[in-house]
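For reference, the structure is listed below as structure tokens.
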Amino acid sequence: MANETQGIPQLELEAVIGFNGHVPSGLRVHPDREHLIYPLGCTVILKRIANGKQEFLHGHTNNVSCISVSKSGSYVASGQVNFMGFKAAVIIWNYAERTIHAQLDLHKAKVEAVTFSPNDKYLVTLGGQDDGSIVVWNIETKQSICGSPVSARGAGHCLTVQYANTNDSIFVSAGSGMVQVWELDLVNRKIRPTECNTGKLKRIVKCIQISEDDQFIFCGTTSGDILKINLKMTRLYDCGPVKAKFSQGISILRILKSGDLLVGSGSGTLALCSKSNFKTLQKFQLEKGVTSIAGREEGQQFFVGTEAAQMYRFGLADFKAELISTSHSSAVKDVAIPFGTSELFATCAEEDIRLWHIDKPKELLRITVPNMTCNSLGFMIDGHSIISAWNDGKIRVFAPKSGQLMLVIDHAHKMGVTAIAGTNDSKRIVSGGGEGQVRVWELLPHGHRLLQIMKEHKATVSCIKIKSDDTECVTASCDGACVIWDLVRFVSLRMLIANTLFRTVCYHSEEYQIITGGTDRKVAYWEVYEGATIRELEGSQSGAINGMHITQDGRHFVTGPVVPHVFCLELCVETTNW
Numbered sequence: 111m112a113n114e115t116q117g118i119p120q121l122e123l124e125a126v127i128g129f130n131g132h133v134p135s136g137l138r139v140h141p142d143r144e145h146l147i148y149p150l151g152c153t154v155i156l157k158r159i160a161n162g163k164q165e166f167l168h169g170h171t172n173n174v175s176c177i178s179v180s181k182s183g184s185y186v187a188s189g190q191v192n193f194m195g196f197k198a199a200v201i202i203w204n205y206a207e208r209t210i211h212a213q214l215d216l217h218k219a220k221v222e223a224v225t226f227s228p229n230d231k232y233l234v235t236l237g238g239q240d241d242g243s244i245v246v247w248n249i250e251t252k253q254s255i256c257g258s259p260v261s262a263r264g265a266g267h268c269l270t271v272q273y274a275n276t277n278d279s280i281f282v283s284a285g286s287g288m289v290q291v292w293e294l295d296l297v298n299r300k301i302r303p304t305e306c307n308t309g310k311l312k313r314i315v316k317c318i319q320i321s322e323d324d325q326f327i328f329c330g331t332t333s334g335d336i337l338k339i340n341l342k343m344t345r346l347y348d349c350g351p352v353k354a355k356f357s358q359g360i361s362i363l364r365i366l367k368s369g370d371l372l373v374g375s376g377s378g379t380l381a382l383c384s385k386s387n388f389k390t391l392q393k394f395q396l397e398k399g400v401t402s403i404a405g406r407e408e409g410q411q412f413f414v415g416t417e418a419a420q421m422y423r424f425g426l427a428d429f430k431a432e433l434i435s436t437s438h439s440s441a442v443k444d445v446a447i448p449f450g451t452s453e454l455f456a457t458c459a460e461e462d463i464r465l466w467h468i469d470k471p472k473e474l475l476r477i478t479v480p481n482m483t484c485n486s487l488g489f490m491i492d493g494h495s496i497i498s499a500w501n502d503g504k505i506r507v508f509a510p511k512s513g514q515l516m517l518v519i520d521h522a523h524k525m526g527v528t529a530i531a532g533t534n535d536s537k538r539i540v541s542g543g544g545e546g547q548v549r550v551w552e553l554l555p556h557g558h559r560l561l562q563i564m565k566e567h568k569a570t571v572s573c574i575k576i577k578s579d580d581t582e583c584v585t586a587s588c589d590g591a592c593v594i595w596d597l598v599r600f601v602s603l604r605m606l607i608a609n610t611l612f613r614t615v616c617y618h619s620e621e622y623q624i625i626t627g628g629t630d631r632k633v634a635y636w637e638v639y640e641g642a643t644i645r646e647l648e649g650s651q652s653g654a655i656n657g658m659h660i661t662q663d664g665r666h667f668v669t670g671p672v673v674p675h676v677f678c679l680e681l682c683v684e685t686t687n688w
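This note's numbering applies: residue 111 is where the sequence shown begins, and numbers increase by one.
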């Protein structure tokens, strides 16, 4: 497959709608104050604040788990997760050139956190629970200076690391039941930890901040309180708030110029706390947990990221948050584009259906059905409705402009509705369920009517495509079969069988061939009239093919594998003499 794709132009990423709010401190403002930096999947995104223009840093092979920006802004560092037994890479990026400065492969399975020294000389990387080591790297030579187990055997897991603001030899790590101050001995190439004395207090520290003069360490804990530790003495200095602790713990801290603290909690509370007794002075409630706070403009403006995959612009003067970016916070199940326009598209994920504008990636409409999961969606050809398939066994039809619920088909399938498609005359809906049945519904002026139940599949129906004249449809299933149905007599015409779990199917534009994709990573060409296989080709280097679409002229089609690669292939159609 790699040899076959050599020399073929790659699809260029034009824009991304999304934000991973589950990466701790994953949203950063570059020191030039003009760009936001954040990870999404395997990519690091640089987004210009003024006009929203995006640039992309590609190099990671798996999801980015942590990110940091050097004090001068010359470098960006990002770490990733990987499978057990494999090395998880840390990449240092040259910000000005948008290139890889160095790739550091030492940690196993996951990189928990990264941090730069104040003068951009060193980078400290912290491995995950399965690695348990902390390593200091020389940025100029791209070599490791020294490393050490982050905690003694049997001690807690380390979660975060932070460099001092004025000293290249001092950094702090913290985690479950411990806060440690590390000193770098460059001559002997060693790092020596000193554990901070917190007395009887035992806390799990999720985030740390160090005051500008390196006098105090502030630690946010899962218990909802803040520990203030003297860095030089490595002793607990203060702890609070005493009574009104933060619900679901403190996930992020920022120290303001005044010395007060900006606190983000797991419950979505963004609070301003006094530097003296940690008493809450002001607070603002956001949707889901706060995971990132990044400062701009002399500490008067901040950008806040949450677990709901939302970004806010936050002003300290009026203490109000403005929503600037939204996206799905879980896996996107389906994408649909309305007939006759390329400006709009809809997506579904978990309990949400969202309508987007493609030029300025902006959310136009959000439809939410709490505690349910939308498995599939589509636009009717006339553009008057959005049809959707839900895991509670219901088909829901919504108005695309207002999002108003127009129709509900109860008990459409026993084991949830898993696939859905509308006919080209916009009068019927074909649905597939988890039990393997295919059902045809007629839409009436004031309701609906079940026309037919068709049974051939033995497992979940994963995809439905309808012929342009509405006389036939093809359904793909996880039972290893694709069935071509007659929508006039409601009988099966042909069954296509392969050693795979079919995930997707497409009609060629002239409709005498279909192409299929599934868990065997192959794209198969089938002849519709006899159901014979014409050819097979590798459609994915690794991972199942979950999605596929074909151009209207039938010359090209695109596949969407599980892994983060998208292949655009030229479609060679076999001509058949009848």
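Where is the CB? At the ideal position from N, CA and C, for every residue including glycine.
Buried or exposed by the 16-neighbour rule on C-beta atoms within 10 Å, applied to residue i
| i | result |
| --- | --- |
| D241 | buried |
| A112 | Note that A112 scores a pLDDT of 48, beneath 50, so its modelled location is shaky and nothing firm can be said. |
| E640 | exposed |
| I210 | exposed |
| E582 | buried |
| T171 | exposed |
| E165 | exposed |
| Q662 | exposed |
| P119 | exposed |
| S440 | exposed |
| T528 | buried |
| V633 | buried |
| P555 | exposed |
| F226 | buried |
| E680 | Its pLDDT being 49, under 50, E680 is placed unreliably in this model, and the value from its coordinates should be taken loosely. So E680 counts as exposed. |
| H217 | buried |
| I301 | buried |
| A510 | Contrary to the premise, residue 510 reads as Pro rather than Ala in this sequence. Buried, because 16 or more other Cβ atoms sit within 10 Å of the Cβ of P510. |
Rounded straight-line distance, which links the Cα of residue j to that of residue i
| i | j | result |
| --- | --- | --- |
| L465 | T235 | 40 Å |
| T483 | K342 | 52 Å |
| L311 | P303 | 20 Å |
| L611 | D335 | 50 Å |
| D348 | S321 | 14 Å |
| K565 | S587 | 12 Å |
| L396 | F356 | 14 Å |
| V571 | D462 | 21 Å |
| A446 | I127 | 15 Å |
| S368 | G237 | 34 Å |
| L474 | H438 | 13 Å |
| V191 | Q213 | 14 Å |
| E122 | F600 | 43 Å |
| H666 | I660 | 6 Å |
| V245 | G376 | 29 Å |
| S243 | A223 | 11 Å |
| S180 | E293 | 20 Å |
| G266 | H467 | 47 Å |
| I644 | Y635 | 5 Å |
| L371 | G590 | 58 Å |
| V139 | F326 | 24 Å |
| V200 | I155 | 16 Å |
Any non-hydrogen atom of the ligand HEM closer than 8 Å to residue i Cβ
| i | result |
| --- | --- |
| P134 | As presented, the structure is devoid of all ligands, the ligand HEM included, so that no description of it is given. |
Strand pairing of residue i, partner residues [DSSP]
| i | result |
| --- | --- |
| K511 | None; K511 has no bridge partner. |
| N204 | Y185 and T209 |
| K338 | F328 and D348 |
| S286 | I314 |
| A446 | A456 |
| A531 | V540 |
| I320 | I327 |
| I177 | S188 |
Start-to-end residues for the beta strand (DSSP E) that takes in residue i
| i | result |
| --- | --- |
| E305 | K300 to E305 |
| Y622 | Premise fails: Y622 is in no beta strand (DSSP E) and is neither H nor E. |
| F394 | T390 to Q395 |
| C152 | No beta strand (DSSP E) holds C152; DSSP gives it neither H nor E. |
| L606 | V601 to I607 |
| V101 | What the structure shows of the chain is the stretch from 111 to 688, and residue 101 is not part of that stretch, so it cannot be assessed. |
| G374 | L371 to S375 |
| S495 | Segment: none, S495 is in no beta strand (DSSP E) and carries neither H nor E. |
| I644 | T643 to E648 |
CB contact check: residue i to chain B, cutoff 9 Å
| i | result |
| --- | --- |
| S495 | The displayed structure is made up of one protein chain only, and chain B is not part of it. |
Inter-stretch contact at 8 Å, needing at least 3 Cβ pairs: the region 497-506 / the region 514-526: Three or more beta-carbon pairs drawn from the region 497-506 and the region 514-526 are found closer than 8 Å, and the two stretches are therefore classed as touching.
Touch test, the region 187-202 against the region 136-146, Cβ-Cβ under 8 Å, three pairs minimum: Output reads no: the region 136-146 does not touch the region 187-202.
At least three beta-carbon pairs within less than 8 Å, the region 426-437 to the region 388-395: Yes, since at least three Cβ pairs between the region 426-437 and the region 388-395 fall closer than 8 Å, the two stretches touch.
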